Amino acid sequence: MTTTIETTWLKRRKTHVPQGVLTAHPILLTRALGTQVWDIDGHQYIDLVGGIGVLNVGHNHPRVMEAVRAQLDRTTHTSFQVVVYESYLRLAERLCEVAPMPGPKKAIFFSTGAEAIENAVKIARAFTGRPAVISFRGSFHGRTLLTLSLTGSVSPYKQNFGPYAAEIYQSAFPYEYRGWSTERALASLESLFESEVSPKRVAAVVIEPVLGEGGFVPAPPDFLQRLRELTERHGILLIADEIQTGFGRTGKFFAIEHSGVKPDLVAVAKSLAAGFPLSGVVGRADVMDAPEPGGLGGTYGGNPVACAAGVAVMDVMRDEKLPERAARIGSVIEERMQSWAAEHDIVGDVRGLGAMMGMELVRDRGTKEPADKEAAGILAAAREKGLIVLRAGTHHNVIRTLMPLTIPDDQLMEGLDILGSALAEARSKK
Ligand SMILES: Cc1ncc(COP(=O)(O)O)c(C=O)c1O
214 MTTTIETTWL
224 KRRKTHVPQG
234 VLTAHPILLT
244 RALGTQVWDI
254 DGHQYIDLVG
264 GIGVLNVGHN
274 HPRVMEAVRA
284 QLDRTTHTSF
294 QVVVYESYLR
304 LAERLCEVAP
314 MPGPKKAIFF
324 STGAEAIENA
334 VKIARAFTGR
344 PAVISFRGSF
354 HGRTLLTLSL
364 TGSVSPYKQN
374 FGPYAAEIYQ
384 SAFPYEYRGW
394 STERALASLE
404 SLFESEVSPK
414 RVAAVVIEPV
424 LGEGGFVPAP
434 PDFLQRLREL
444 TERHGILLIA
454 DEIQTGFGRT
464 GKFFAIEHSG
474 VKPDLVAVAK
484 SLAAGFPLSG
494 VVGRADVMDA
504 PEPGGLGGTY
514 GGNPVACAAG
524 VAVMDVMRDE
534 KLPERAARIG
544 SVIEERMQSW
554 AAEHDIVGDV
564 RGLGAMMGME
574 LVRDRGTKEP
584 ADKEAAGILA
594 AAREKGLIVL
604 RAGTHHNVIR
614 TLMPLTIPDD
624 QLMEGLDILG
634 SALAEARSKK
């Protein structure tokens, strides 16, 4: 399918953009709407990626676009540190209404997910007066120094970008398929407390309720519940990184709600504002108020246009019942993935929560050797057939779905048909 135009832009990209920023699909996109995107040659693709989990309401949702246009006519930037504006206040109120913890809550906004995590850690340290933070192996929390330090995956994220921030400790994530049961993962945390850091020095534990980049591994509810008990016992704050799981994708507004656990702080970003750069931290008001005036913020944090988009996203989520839709989409995908697992040995595990579904590919079900190259081949074959989908996982062998939750049934079916045929084709070539 490569044309002269494509060759030209690929060459321009190679000449002027560093290889460090990897593009999964060699497509020059010109237009997007709902769940579909079009490239420079007019090829149409079904988008099961949604800008990496950013577009739960789909590309260019009319209500979001209308709110954005109205805000553009009013003001595009002032900085909340200079003057207060309505879209920030409204979004803070709306986020506090849905945040999964009891009592008074407060919210603050930034631009990227990494910034949200950085600030959640700052707030936790200010509140507890403690330095240490615990995260999990296989996790991904961002690409800034502190968030890379928290991230539990070397390739491609950590590479040789160290030295990393001090006082960060890592524990095993409950990844049952790779031998980490709830019991074993909790024992790993206890042993961290025995041999590396006293729980009295720990400000916070940061956890993704479902590992995102780490391969779509849901933490079992009993693990999250026991983690909550343990953190409460030691006066440690629990920070839920809901940057990829958030905003209805798992069937509830926040993934942690499935376990009944009430975190102290939640970091949000991605689908918060349908593609406008916006992130935030929402949490217990007493904790959020720990930093002294001037300690939090950022020139662009909570941009007025992005906040207006965020308020519209909240309306769409509620009015179109997107969390409920995510649960239905998830059961359709799961059924289809299970049928592929019954047919093809390469599908070692099917797992997920709501519409956040993934299948882990292995060369051998016994040894579980990761089928990373095969996963890449399936993605390329799917693209040739008009589907954009991504992989994840520490071993890059998990095919994951992050489609807009507004996806119409026929496009969902067509997308899954394409993925199924790409998988079957890859197996027959073996
Ligand atoms: C769970 C999680 N945390 C943090 C981040 C970092 O967000 P950003 O890329 O906006 O900095 C991501 C991004 O993929 C993520 O999935």
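The C-terminal position of the sequence shown is numbered 643 in my numbering, with every residue numbered one higher than the one before it.
The beta-carbon is built from N, C-alpha and C at its ideal position, and this holds for glycine as well.
Predicted model only: the values in this text are computed from it and were never measured.
> Would the beta-carbon of Gly427 fall within 9 angstroms of that of Ser352?
Replying inline: yes
> Buried or exposed: where does Tyr301 fall if 16 or more other Cβ atoms within 10 Å of its Cβ makes it buried?
Replying inline: buried
> What did DSSP end up calling His272 once you bin it into helix, strand or coil?
Replying inline: strand
>> Distance check for Leu443 and Leu402, CA to CA, integer angstroms please.
In response: 10 angstroms
> Can you tell me where the alpha helix (DSSP H) with Arg532 in it begins and where it stops?
Replying inline: For clarity, residue 532 is Asp in the given sequence; the question names Arg instead. Asp532 -> alpha helix (DSSP H) spans 517-532.
>> Assuming Ala639 and Gly590 are in contact, meaning their beta carbons sit under 8 angstroms apart, how far apart are those beta carbons, in whole angstroms?
In response: 5 angstroms
> Grouping DSSP H, G and I as helix and E and B as strand, with all else coil, what is Arg604?
Replying inline: strand
>> Can you give me the C-alpha to C-alpha distance between Tyr382 and Pro275, rounded to a whole angstrom?
In response: 44 angstroms
> Over what stretch of residues does the beta strand (DSSP E) that includes Ile452 continue unbroken?
Replying inline: 450-454
>> Nearer than 8 angstroms: is that true of the beta carbon of Arg343 relative to any heavy atom of ligand 2?
In response: This structure does not include ligand 2; its bound ligands are ligand 1.
>> Under DSSP, the beta strand (DSSP E) around Leu246 begins and ends at which residues?
In response: 242-246
> Which of the three DSSP states, helix, strand or coil, is assigned to Thr546?
Replying inline: Sequence inspection shows Ile at residue 546; the Thr mentioned does not correspond to that position. If DSSP states are grouped into helix, strand and coil, Ile546 belongs with the helices.
> Using the C-alpha atoms, what's the distance from Ile620 back to Asp558?
Replying inline: 29 angstroms
> Per DSSP, which one or two residues make a beta bridge with Arg391?
Replying inline: DSSP lists no partner for Arg391.
> ligand 1 heavy atoms versus the CB of Ser492: any closer than 8 angstroms?
Replying inline: yes
> Looking at Val481 and Gly493, is the spacing between their C-beta atoms short of 9 angstroms?
Replying inline: yes
> Got a sec: does ligand 1 put a non-hydrogen atom nearer than 8 angstroms to the Cβ of Lys483?
Replying inline: yes
> Quick one: what's got a C-beta closer than 7 angstroms to Glu627's C-beta in the same chain, skipping five residues either side?
Replying inline: Ile259
> Taking Cβ to Cβ, would you say Ile601 is nearer than 9 angstroms to Leu261?
Replying inline: yes
> Between which two residues does the alpha helix (DSSP H) harbouring Arg338 extend?
Replying inline: 326-341
> Just curious, the beta strand (DSSP E) that Ser348 is in, first and last residue?
Replying inline: 345-349
>> I need the straight-line Cα distance from Arg356 to Asp454, nearest angstrom please.
In response: 14 angstroms
> So, helix, strand or coil for Asp252, using DSSP?
Replying inline: strand
> Is the closest heavy atom of ligand 1 to the C-beta of Gln383 under 8 angstroms?
Replying inline: no
> What residues in its chain sit with their C-beta under 7 angstroms from that of Tyr388, if we drop five residues either side in the sequence?
Replying inline: Gly351, Val430
> Under 9 angstroms, do Pro617 and Gly263 count as touching if we go by C-beta distance?
Replying inline: yes
> Would you say the stretch 266-280 touches the stretch 526-540, given that touching needs at least three Cβ pairs under 8 angstroms?
Replying inline: yes
> Of all the options Ile240, Leu241, Gln257, which has the alpha carbon lying nearest to the alpha carbon of Thr248?
Replying inline: Gln257
> Quick one: what does DSSP say Met501 is sitting in, helix, strand or coil?
Replying inline: helix
> Is it a yes or a no for the stretch 506-514 touching the stretch 321-341, going by three-plus beta-carbon pairs under 8 angstroms?
Replying inline: yes
>> Let's test the definition: count the other Cβ atoms within 10 Å of the Cβ of Ala398 and tell me whether it reaches 16, buried, or not, exposed.
In response: buried
> Can at least three beta-carbon pairs, one atom from the stretch 297-313 and one from the stretch 519-529, be found at a separation below 8 angstroms?
Replying inline: yes
> Would Glu421 pass as a contact of His354 if the rule is Cβ separation under 9 angstroms?
Replying inline: yes
>> Quick check on the burial criterion: 16 or more other C-beta atoms within 10 angstroms. Buried or exposed for Ser404?
In response: exposed
> What is the DSSP secondary structure of Met570, counted as helix, strand or coil?
Replying inline: strand
> With a CB to CB cut of under 7 angstroms and the five nearest residues on each side skipped, what residues in its chain are close to Pro315?
Replying inline: Lys475
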